[in-house]
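Asker: One structure follows; several queries about it will come next.
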Amino acid sequence: MNDFYERVAADLDGCAELADDQLAHAVRNRGLCGWLSTSGEYPEWTGDFRSDRELAARVCAACPVQRECLEWEFRTRGHATAGVWGPLPEDERRAVYECWEERRDGGTVAGEQP
25 MNDFYERVAA
35 DLDGCAELAD
45 DQLAHAVRNR
55 GLCGWLSTSG
65 EYPEWTGDFR
75 SDRELAARVC
85 AACPVQRECL
95 EWEFRTRGHA
105 TAGVWGPLPE
115 DERRAVYECW
125 EERRDGGTVA
135 GEQP
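Start counting at 1 in the sequence shown, then tack on 24, and there's your number in the numbering used here.
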């Protein structure tokens, strides 16, 4: 695996002991995307997939809860995520997910059996 993906997955180990509700609370209450949408300062989406993805990645890059967001997304959606999370695009996030899953000994996603 790519060293970058391994490093991102290893960084998420700091969130491994957090409960799902703790992760959800952090993302919902401290996540920059949520703050922007409630403050009325949400970016103007263009409708162009590539431009909007780049804009979302810039918002995520400044977010204080990137790790919690990505950990929560992996636990709840696993490999089937879409969009930008934590601030990785889908292809990179799926590669990180594979590393994350190996580090967690095949950790389960909500609704899956171990």
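All C-beta atoms, glycine included, are put in the ideal place defined by N, C-alpha and C.
Exposed or buried, Arg74, counting other C-beta atoms within 10 Å across all chains shown (16 or more means buried)?
Answerer: Answer is exposed; the Cβ neighbour count stays below 16.
Asker: If you check the beta carbons only, do Cys93 and Gly55 fall under 8 Å apart?
Answerer: Going by C-beta atoms, Cys93 is nearer than 8 Å to Gly55.
Asker: Going by alpha carbons, who is nearest to Val89 out of Asp72, His49, Tyr29?
Answerer: Ranking the options by Cα distance to Val89, first place goes to His49.
Asker: Can you have a look at Glu41 and say buried or exposed, based on whether 16 or more other CB atoms are within 10 angstroms of its CB?
Answerer: Per the 10 Å Cβ criterion, exposed.
Asker: Checking 8 Å against the spacing of the C-beta atoms, do Ala33 and Arg91 come in under that value?
Answerer: Contact flag unset, no.
Asker: First and last residue of the alpha helix (DSSP H) that includes His49?
Answerer: Here the alpha helix (DSSP H) through His49 covers 44-54.
Asker: Return the Cβ separation of Cys87 and Glu30 in integer angstroms, given the expectation that the two are a contact with Cβ distance under 8 Å.
Answerer: The pair is not a contact, with the Cβ atoms about 22 Å apart (cut-off 8 Å).
Asker: Going along the chain, which residues of its own chain have a beta-carbon closer than 6 Å to the beta-carbon of Arg101, five neighbours each way excluded?
Answerer: Once the five neighbours on either side are set aside, Arg101 has no close Cβ partner at all.
Asker: Please return the same chain residues whose Cβ sits closer than 8 Å to the Cβ of Asp35, not counting the five positions on each side in sequence.
Answerer: Excluding residues within five positions, the ones whose Cβ falls inside 8 Å are Arg91.
Asker: Going residue by residue through the stretch 84-118, where are the continuous alpha helix (DSSP H) segments of at least 4 residues, counting only ones entirely within it?
Answerer: Counting only runs of 4 or more, we get 90-101.
Asker: Measure the C-alpha to C-alpha separation of Ala104 and Phe98 and round it to an integer number of angstroms.
Answerer: Distance between the alpha carbons of Ala104 and Phe98 is about 9 Å.
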